[in-house]
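Chains A and B, in that order, give the protein sequences. Using the numbering used here, you'd call the opening residue of the first sequence number 1 and step up by one each time. Using the numbering used here, you'd call the opening residue of the second sequence number 1001 and step up by one each time. Where is the CB? At the ideal position from N, CA and C, for every residue including glycine. Note that the structure is a prediction, hence the values are computed from the model and not measured. One structure is given below, encoded as structure tokens.
Protein chains: 2
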Amino acid sequence: MKKLLLAAAALPLLALSAPSVAPAQNASAQAEKLRDAALKDDVAFEIMEGLTTEIGPRLAGTEAEARAREWAVRRLKALGFANVRIEPYDMPVWVRGEERAEIVSPFPQKLVVTALGNSGATPPAGIQAEVVGFDSLQALEAASDATVRGKIVFVSHGMTATQDGSQYGYFGAARRTGPSVASRKGAAAIVIRSIGTDSHRNPHTGVQSWAQGVTPIPAGALSIPDAEQLQRMLKRGKPVTMRLTLTPRNLGTRQSGNVVAEVRGTDADAGIVLIGGHLDSWDLGTGAFDNAAGVAITAAAAKRIMDAGRPRRTIRVVWFGAEEVGGNGSNAYRAAHPNDKIVFVSESDFGADRVWRMDTSFAEANKPLADRVAQALAPLGISRGGAAGGGADVGAWVRSGVAAIDLQQDGTRYFDYHHTPDDTLDKVDPEQLRQNVAAWTAMLSVVANAREEIVKAPVTAAGQ
Amino acid sequence: MKKLLLAAAALPLLALSAPSVAPAQNASAQAEKLRDAALKDDVAFEIMEGLTTEIGPRLAGTEAEARAREWAVRRLKALGFANVRIEPYDMPVWVRGEERAEIVSPFPQKLVVTALGNSGATPPAGIQAEVVGFDSLQALEAASDATVRGKIVFVSHGMTATQDGSQYGYFGAARRTGPSVASRKGAAAIVIRSIGTDSHRNPHTGVQSWAQGVTPIPAGALSIPDAEQLQRMLKRGKPVTMRLTLTPRNLGTRQSGNVVAEVRGTDADAGIVLIGGHLDSWDLGTGAFDNAAGVAITAAAAKRIMDAGRPRRTIRVVWFGAEEVGGNGSNAYRAAHPNDKIVFVSESDFGADRVWRMDTSFAEANKPLADRVAQALAPLGISRGGAAGGGADVGAWVRSGVAAIDLQQDGTRYFDYHHTPDDTLDKVDPEQLRQNVAAWTAMLSVVANAREEIVKAPVTAAGQ
Chain A
1 MKKLLLAAAA LPLLALSAPS VAPAQNASAQ AEKLRDAALK DDVAFEIMEG LTTEIGPRLA
61 GTEAEARARE WAVRRLKALG FANVRIEPYD MPVWVRGEER AEIVSPFPQK LVVTALGNSG
121 ATPPAGIQAE VVGFDSLQAL EAASDATVRG KIVFVSHGMT ATQDGSQYGY FGAARRTGPS
181 VASRKGAAAI VIRSIGTDSH RNPHTGVQSW AQGVTPIPAG ALSIPDAEQL QRMLKRGKPV
241 TMRLTLTPRN LGTRQSGNVV AEVRGTDADA GIVLIGGHLD SWDLGTGAFD NAAGVAITAA
301 AAKRIMDAGR PRRTIRVVWF GAEEVGGNGS NAYRAAHPND KIVFVSESDF GADRVWRMDT
361 SFAEANKPLA DRVAQALAPL GISRGGAAGG GADVGAWVRS GVAAIDLQQD GTRYFDYHHT
421 PDDTLDKVDP EQLRQNVAAW TAMLSVVANA REEIVKAPVT AAGQ
Chain B
1001 MKKLLLAAAA LPLLALSAPS VAPAQNASAQ AEKLRDAALK DDVAFEIMEG LTTEIGPRLA
1061 GTEAEARARE WAVRRLKALG FANVRIEPYD MPVWVRGEER AEIVSPFPQK LVVTALGNSG
1121 ATPPAGIQAE VVGFDSLQAL EAASDATVRG KIVFVSHGMT ATQDGSQYGY FGAARRTGPS
1181 VASRKGAAAI VIRSIGTDSH RNPHTGVQSW AQGVTPIPAG ALSIPDAEQL QRMLKRGKPV
1241 TMRLTLTPRN LGTRQSGNVV AEVRGTDADA GIVLIGGHLD SWDLGTGAFD NAAGVAITAA
1301 AAKRIMDAGR PRRTIRVVWF GAEEVGGNGS NAYRAAHPND KIVFVSESDF GADRVWRMDT
1361 SFAEANKPLA DRVAQALAPL GISRGGAAGG GADVGAWVRS GVAAIDLQQD GTRYFDYHHT
1421 PDDTLDKVDP EQLRQNVAAW TAMLSVVANA REEIVKAPVT AAGQ
């Protein structure tokens, strides 16, 4: 990568983590020792490098995702994990086709566009229509059908980079629901300003689902410079005509799958610690940040626990399939394992930059456990935050009361690359990746070895 | 733009440029006054915004470049210039076609490629061949024909960003001559690592010319992340097979043209000050840095001189056509104007970031003139450098001894965008653009109004 964002707080503070001496602190000392060793980790980068190079893009339900599963099985077995296996499931598959946009008049030129997940298709030669622009999803919602009918809707509002990525939820609605709103009003198609924070001509794709009864229409995202270009054209006040060609296809039902591996625990009654990320990626980039990083970090940390001797609890690493297109892998996994005693969940799915905050969802009885994790993480520059929600793949367990920790990563530049062709290995900062592995190793060491029972948390709104 | 590179030195130092009082310094005082007013310029940005939005890409010899000429005439007339006109010429025209690259084995995935100027074409379905990689042009040159024959050559060496852009000359040889070297050795095609300094999936195109007697082959550039991906694959030691589709076409002879405008001088015998940039752009971006900036800066500065009253010398602003593909516009201009008394030339063609150095090519007799220009520029943070060469469009005049100044711009990020889809308006920092206009205004004020004769410089190696 070109611009290193150093995990500045991590290294100087390690001097504070002197070896513990009191016998009661043996477990903590072990966590600290493993944590500090993990700051030299190379396994996570090797997994990322291998997966992004040897497989590259791996769209859910495609042959590329199947190759990724085979790759994952080989790698996880080579790393020494137990019970490495693929658990298949079926799912509907959508794939990208041709993608072209051009302004026909008054300022003829090409624009860079990509289809959103589940987009409808234009005819092969495309459609041509006037563009009607809206500054926000709300403005589109407020528009009369007559304003929109037969036109190509353009929604231009843009998100801002923040450390916690919190603008994605709000502005992402233009992608998630904008297409259905436009279709209901009779639009010929919709193009949105990419939901991202970069200024490169790489559009951001992402899933959207058609609301009940809505007819799919072509739905794309313009790169941010192209969206700004279209805004400048519209501001001149003359009618702007676009030709748009998007020819994605639905392939019907195909097989996808989750890849599972385990670090065997010594105490089957203590329950399972389930961690992971997702193996699938969008098809435009090689899925480095999203989410080779997550599967690499979680596996590298679990391996460190395994190599240090069997933990009390079994650690189950799941590399979920088909997260990007709707969480099919997570849903299939829960359906297939209704009776597994999963007492703790955590996922990594926000890139490869440093962990800066620990959010938790524990029962009051497990407060001492949370305190010990926080103590092990503080020297890495990680503060305590609010309530853990668990993310797309493990969120359902959290919502049912299973204990969880979210190791929140710095998302300042995450939406520069997210779902774009630019999500590639060169963006990864190996030092920040290592800080992630150290944080996960410390957390797993404390949680998997905790002597107390890990109990269900009360289900609160924060976990919803 | 996202990351402002401030013209940090410019503003604080302006306090040093107190109004001159001595009568002999009237001309200098005028230059300083115009310079400081130009730091509030909006004309240059308006030209850039208009040209990049209303025309966008404008490849030499195409209908888009013709529209750009018509646009330029309208804009230059509206700004009040005299003798605004198009001077047409004919030229051979090459245009891009389909562009696709994919690794067939052992790691199937798409790569991002673009054709280099004058690339040969593959059949519509592409060609498929093994890739043979070289770390440098020199390594390719040293390779046996047997190593290369029938294969797709890949040259991976990469340039580094520097303030003066000086790595472009050395590493650019892989683009300029690599295709001919590969063809001579019997390669099926060549792809190079883009000659650039970014890490985005936007390849850098650029012209290359086939050496005498060499058969054109398909010649492309991979984006830098894609080139690094291919390097990682090759390092694994297994044969790598690529399918490459590039279908550019030669359209034969078409019309291009230069756009000319003047600020009328009071003294026809004092000779003409000829300045400009180039109107054409590569077709992938909207040609903001390269070179809407140059035509905008030079015209905005000339307008400021015009609006302050007629200068002694006529300032002729030329927006050259077809610079990118071989300097056809400049060649045609010189051929059409063999007897014009051009006493000074200067061009702007290195983006929109701040001027940091003044290079000169003057006869010894004109040293006082050079000193006065330097004095007017210093408060903008501009140092004196070495010998001026003049650049692609006015270099031939400099080589014949015509006096010249190069206002060297900060090129640290120039090759992040140069010849890529990313050369768009959002990258422009309006403050740095204004510093350019101020520097050009000061220089023009001094040079166009100089009372002494501007004489020919000795022709030295530095001007070659």
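Minimum Cβ-Cβ distance from residue i to chain A less than 8 Å
i, result
"E1141(B)", "no"
"L1014(B)", "The predicted model places L1014(B) with a pLDDT of 41, which falls under 50 and marks its position as unreliable; any figure quoted below should be read in that light. False, the Cβ-Cβ gap to chain A never drops below 8 Å."
"Q1229(B)", "yes"
"Q1167(B)", "no"
"T1441(B)", "no"
"H1200(B)", "yes"
"M1048(B)", "no"
"L1159(B)", "Here residue 1159(B) is Met; the residue named in the question, Leu, does not match the sequence. Taking Cβ atoms only, chain A never reaches closer than 8 Å to M1159(B), which makes this a no."
"R1488(B)", "Nothing can be reported for residue 1488(B), as the shown portion of chain B is limited to 1001 through 1464."
"P1225(B)", "yes"
"Q1232(B)", "Per the sequence shown, the amino acid found at residue 1232(B) is Arg instead of Gln. Yes, contact with chain A."
"F1107(B)", "yes"
"V1112(B)", "yes"
"S1360(B)", "This sequence places Thr at residue 1360(B); Ser is not what is there. With 8 Å as the cut-off, T1360(B) does not count as an interface residue toward chain A."
"T973(B)", "Because residue 973(B) is not part of the residues shown, which for chain B are 1001 to 1464, the question remains open."
"T1062(B)", "no"
Cβ pair residue i, residue j closer than 8 Å
i, j, result
"A376(A)", "T360(A)", "no"
"R69(A)", "L407(A)", "no"
"G1276(B)", "L1246(B)", "no"
"Q109(A)", "T241(A)", "no"
"A1265(B)", "R1313(B)", "Inspection of the sequence shows that residue 1265(B) is occupied by Gly rather than by Ala. Closer than 8 Å, so yes."
"A182(A)", "I217(A)", "yes"
"A439(A)", "V355(A)", "yes"
"G1150(B)", "G1126(B)", "no"
"I390(A)", "A403(A)", "Sequence check: residue 390(A) is Gly here, not Ile. Contact: no."
"G294(A)", "I342(A)", "no"
"L244(A)", "V191(A)", "yes"
"G1061(B)", "A1322(B)", "yes"
"A332(A)", "N258(A)", "yes"
"A1296(B)", "I1055(B)", "no"
"L34(A)", "L111(A)", "no"
Any C-beta of chain B under 8 Å from that of residue i
i, result
"P218(A)", "no"
"G56(A)", "yes"
"D422(A)", "yes"
"G395(A)", "no"
"F474(A)", "Summary: the structure shown does not reach residue 474(A), with chain A confined to residues 1 through 464, and so no result is reported for it."
"I454(A)", "no"
"V446(A)", "no"
"K427(A)", "yes"
"T247(A)", "no"
"T53(A)", "yes"
Anticipated Cβ contact below 8 Å, residue i with residue j, distance rounded
i, j, result
"N1436(B)", "A1027(B)", "Between A1027(B) and N1436(B) the Cβ distance is about 22 Å, and since that is not below 8 Å, they are no contact."
"A457(A)", "A352(A)", "With a Cβ gap of about 29 Å, A457(A) and A352(A) do not count as contacting."
"T424(A)", "T52(A)", "7 Å"
"V207(A)", "E49(A)", "V207(A) to E49(A), Cβ: 27 Å. No contact."
"A1300(B)", "V1428(B)", "Not a contact, Cβ separation roughly 13 Å."
"R1372(B)", "V1446(B)", "5 Å"
"N1339(B)", "M1091(B)", "Rounded, the Cβ-Cβ distance is 23 Å, inconsistent with contact."
"H1418(B)", "D422(A)", "Not quite, the Cβ-Cβ distance comes to about 18 Å (not below 8 Å), so this is no contact."
"G1196(B)", "F1045(B)", "Not confirmed; about 25 Å, so no contact."
Residue i: CB within 7 Å of a non-hydrogen atom of the ligand MG
i, result
"R1176(B)", "This structure simply doesn't include the ligand MG, nor any ligand for that matter."
I want to know whether the segment 1136-1151 of chain B touches the segment 1251-1267 of chain B - three or more CB-CB distances under 8 Å. Judged by Cβ distances under 8 Å, the segment 1136-1151 of chain B makes no contact with the segment 1251-1267 of chain B, as fewer than three pairs qualify.
Quick check: the segment 1224-1235 of chain B against the segment 1152-1169 of chain B, are at least 3 beta-carbon pairs closer than 8 Å? Judged by Cβ distances under 8 Å, the segment 1152-1169 of chain B makes contact with the segment 1224-1235 of chain B, as three or more pairs qualify.
When the Cβ atoms of the segment 1099-1109 of chain B are set against those of the segment 1267-1286 of chain B, are three or more pairs found closer than 8 Å? When C-beta atoms of the segment 1099-1109 of chain B are compared with those of the segment 1267-1286 of chain B, fewer than three pairs fall below 8 Å, so the two segments do not count as touching.
Which full runs of the alpha helix (DSSP H) of 4+ residues lie inside the segment 1116-1150 of chain B, going along the chain? Segments of the alpha helix (DSSP H) lying fully in the segment 1116-1150 of chain B: 1137-1142 and 1145-1148.
Runs of beta strand (DSSP E) wholly within the segment 254-309 of chain A (minimum 3 residues, chain order): As for any beta strand (DSSP E) of minimum length 3 sitting wholly inside the segment 254-309 of chain A, the runs are 272-278, ordered along the chain.
Quick one: which unbroken alpha helix (DSSP H) runs of 4-plus residues sit fully inside the segment 381-425 of chain A? Chain order, please. Listed in chain order, the complete alpha helix (DSSP H) runs (minimum 4 residues) inside the segment 381-425 of chain A are 391-399 and 414-417.
Entirely within the segment 1185-1217 of chain B and at least 3 residues each: give me those beta strand (DSSP E) ranges in chain order. You should have 1189-1193.
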